[in-house]
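Here is the structure we will look at.
Residue numbers (full-length UniProt numbering): 1 to 636.
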């Protein structure tokens with residue numbers, strides 16, 4: 001059975017699919033840099049694993065078949081370069097038993113083992129080791145005898161193109177296609193180290209044009225930035241040599257990366273992939289916050305009576321942005337006002353003649369809407385949502401407000417994520433912060449118990465959503481710190497007065513936005529960790545589809561499998577879309593959440609849900625009503 005399954009313009013090596021849209025496949029090339037020492041070879045495997053490479057690669061030669069007989073019997077008759085290289089190779093070659101051992105070691109460490117066969121005998125031996133692919137050295141791009149031998153083995157080929165002309169590359173591409181081989185081409189400059197001026201990285205998209213398949217880069221330069229630069233040029237496979245010490249004797253050490261540099265390279269490749277995004281424009285959560293606070297909307301410059309014709313002197317743009325975009329300034333001029341307006345009242349789309357979005361139809365399940373105390377009456381006028389979910393700020397908790405009666409509605413409450421200027425954090429490593437967070441949550445729960453009486457369908461224990469905290473500002477916490485955070489969370493929850501409360505712990509995104517900036521989450525992101533905590537301490541969960549998708553985008557995990565793992569503990573659901581690793585709260589269908597598959601599972605749970613669209617309450621809840629319509633189209 002072939003180890004390669006072609007999919008569009010990509011292919012699969014082992015269990016790893018390589019596509020134009022997917023992550024870069026990073027190869028740590030050991031080559032001969034083990035210098036024949038198995039302990040060094042294993043340390044280099046460890047280096048590759050620690051850096052996060054996808055594969056570690058060696059080289060194998062059958063010297064008797066690889067070099068002419070005179071090179072062995074009369075080496076002094078050969079060029080100085082050949083003498084030097086052949087003597088080093090002889091000193092550095094591993095035995096077949098050692099190749100078996102290092103391949104097994106790589107498997108134990110959880111990294112793919114690859115190897116370059118320099119001859120047919122080596123290829124035959126490597127096939128017995130079940131390598132998932134063959135790497136072909138630049139020197140053998142024109143070796144049709146070897147290429148035919150490899151093609152017959154029906155494994156993917158990764159072929160470097162150094163020291164070859166375009167005509168030679170074209171002929172090899174034609175030859176491989178004739179033999180129905182699956183292959184990728186790596187741009188390469190075969191000098192060690194390669195000068196920057198000779199790298200010619202723009203050949204990468206040219207190779208893509210030449211044959212349309214997966215392309216990549218095999219680098220021998222000293223720099224890291226030039227290798228990273230190949231990612232936006234289309235490189236989907238990147239290979240760099242690694243060594244424990246660049247000063248060691250050998251042909252490749254000087255052009256290789258030491259452990260710290262290689263780890264930095266892999267990190268920067270992944271960051272670059274993340275930074276490139278999808279090419280689909282969307283406003284991130286942080287931008288939405290700044291757009292509202294720093295942006296402007298059109299407001300009345302003076303008192304305007306209903307029916308007056310709007311002139312330029314009646315309108316100006318002011319912050320915060322809560323109404324019509326200033327781009328619509330001239331669309332507004334000449335229209336008649338539909339209501340009396342005071343100075344600084346916001347113009348809305350209704351002033352442009354747009355009719356408010358029609359509310360309904362509504363999903364058949366237990367749906368709800370999200371409200372703040374000030375827009376409760378407006379958003380619920382004329383309808384009876386099965387669920388009303390209050391989102392409170394700390395200021396709301398300190399004010400009295402009148403609540404009408406909702407005999408046929410269930411109350412759900414989402415507690416504030418901040419108190420004053422501080423983040424609520426039940427996981428905090430700082431004891432003072434943790435204790436104040438506990439006090440703030442208890443204050444919120446007192447209000448929840450008072451509100452319950454106004455909502456006739458609320459069960460004995462009010463579903464109350466809380467963000468548990470565990471965020472850091474500079475970077476992700478260490479494993480030891482995360483362990484302590486979970487212990488602190490368990491202790492904090494025990495101290496809360498949960499009388500009449502079903503506290504729901506919400507799954508969190510990897511990069512939340514707080515105080516106008518991006519932070520790092522360290523708890524309640526991973527489905528296994530969430531399920532384990534909920535099971536151990538008997539707490540329930542609020543599942544947030546946007547947060548889950550952001551985490552799955554970040555970790556390259558399956559969001560549907562994520563939901564399956566936490567589903568037994570889920571008692572309430574927030575639905576919105578997501579893109580990238582921090583684009584949360586998007587309108588349904590504007591991100592990459594697989595709603596068709598996900599909502600089949602959500603529907604089976606019978607659990608209540610609310611669309612949590614960023615700024616969904618604006619324009620009389622337009623974002624929420626649109627989301628409900630879209631969810632119906634997805635089958636909910």
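Note that the Cβ used here is the ideal one computed from N, Cα and C, for glycine as well.
Predicted, not measured: the structure shown is a model, and the values here were computed from it.
| Check | Outcome |
| --- | --- |
| What does the alpha-carbon distance come out to for the pair residue 72 and residue 91? | Per-residue confidence for residue 72 stands at a pLDDT of 47, beneath the threshold of 50, marking its modelled position as unreliable; the derived number appears in the next sentence. Rounded to whole angstroms, residue 72 to residue 91 spans 14 Å at the Cα level. |
| Quick check on this structure: which residue in 421, 304, 353 and 389 has the alpha carbon closest to the alpha carbon of residue 574? | 389 |
| Quick check: the Cα distance between residue 225 and residue 312, rounded to an integer number of angstroms? | 52 Å |
| Taking Cβ positions, are residue 434 and residue 425 nearer each other than 8 Å? | yes |
| When DSSP builds the beta bridges, which residues end up paired with residue 132? | DSSP output for residue 132 lists no bridge partner at all. |
| From the DSSP secondary-structure annotation, give me the bridge partner or partners of residue 503. | 464 |
| For residue 68, is the classification buried or exposed, using 16 other Cβ atoms within 10 angstroms of its Cβ as the cut-off for buried? | Caution is warranted here: a pLDDT of 49 is assigned to residue 68, below 50, making its placement in the model unreliable, and the coordinate value is therefore given only provisionally. Exposed: under 16 other Cβ atoms inside 10 Å. |
| Consult DSSP for residue 362 and reduce its assignment to one of helix, strand or coil. | coil |
| Spatial neighbours of residue 266 within its chain, please: CB distance less than 7 Å, with the 5 preceding and 5 following residues excluded, ordered by chain position. | 26, 51, 52 and 53 |
| Going by beta carbon distance, what residues of the same chain come within less than 8 Å of residue 98, once the five residues before and after it are set aside? | 38 and 41 |
| Tell me the residue span of the alpha helix (DSSP H) that contains residue 552. | 545-555 |
| Counting along the chain, where does the beta strand (DSSP E) carrying residue 316 start and finish? | 315-318 |
| Please work out which residues of its chain come closer than 8 Å, Cβ to Cβ, to residue 151, disregarding the five sequence neighbours upstream and downstream, and give them in chain order. | 157, 176, 179, 180 and 181 |
| Answer with buried or exposed for residue 636, where buried requires no fewer than 16 other C-beta atoms within 10 angstroms of its C-beta. | buried |
| Classify residue 206 as helix, strand or coil using the three-state DSSP reduction. | helix |
| Nearest-angstrom Cα distance between residue 430 and residue 503? | 23 Å |
| Just to confirm, are residue 186 and residue 218 a CB contact at a threshold of 8 Å? | yes |
| Can you tell me the Cβ-Cβ gap for residue 57 and residue 115, rounded? I've got them flagged as a contact below 8 Å. | 6 Å |
| Tell me the residue span of the alpha helix (DSSP H) that contains residue 559. | 559-566 |
| Helix, strand or coil, according to DSSP, for residue 179 in the structure here? | coil |
| When we look at the beta-carbon of residue 343 and count the other beta-carbons within 10 Å, is it buried (16 or more) or exposed? | exposed |
| Quick one: grab the DSSP three-state call for residue 625. | helix |
| Based on Cα-Cα distance, which residue from 408, 396 and 361 lies nearest to residue 384? | 408 |
| Are there three or more Cβ pairs, one per stretch, closer than 8 Å when the stretch 246-258 is compared with the stretch 544-557? | no |
| Please name the residue, chosen from 565, 162, 216 and 96, that lies closest to residue 269 on a Cα-to-Cα basis. | 216 |
| Grouping DSSP H, G and I as helix and E and B as strand, with all else coil, what is residue 602? | helix |
| Does residue 80 pass the burial test, meaning 16 or more other C-beta atoms within 10 Å, or should it be called exposed? | Any reading at residue 80 must be qualified, since the residue scores a pLDDT of 49, below 50, and its modelled position is unreliable; no value is offered. |
| Short check: CB of residue 582 to CB of residue 284, under 8 Å? | yes |
| Classify residue 78 as helix, strand or coil using the three-state DSSP reduction. | Annotation note: pLDDT 47 at residue 78 (below 50); position unreliable, coordinate value reported separately. If DSSP states are grouped into helix, strand and coil, residue 78 belongs with coil. |
| Between the stretch 347-357 and the stretch 366-379, do three or more beta carbon pairs fall short of 8 Å? | no |
| Is the beta carbon of residue 366 less than 8 Å from the beta carbon of residue 608? | yes |
| Can you tell me which residues form a DSSP beta bridge with residue 297? | 318 |
| Take residue 168 and list the residues in its own chain whose beta-carbon comes closer than 8 Å to its own, dropping the five residues that flank it on each side. | 141 and 142 |
| Between the C-alpha atoms of residue 246 and residue 171, what's the straight-line distance to the nearest angstrom? | 36 Å |
| Assuming residue 522 and residue 476 are in contact, meaning their beta carbons sit under 8 Å apart, how far apart are those beta carbons, in whole angstroms? | 6 Å |
| What residue from 634, 20 and 31 has the CA that sits closest to residue 364's CA? | 634 |
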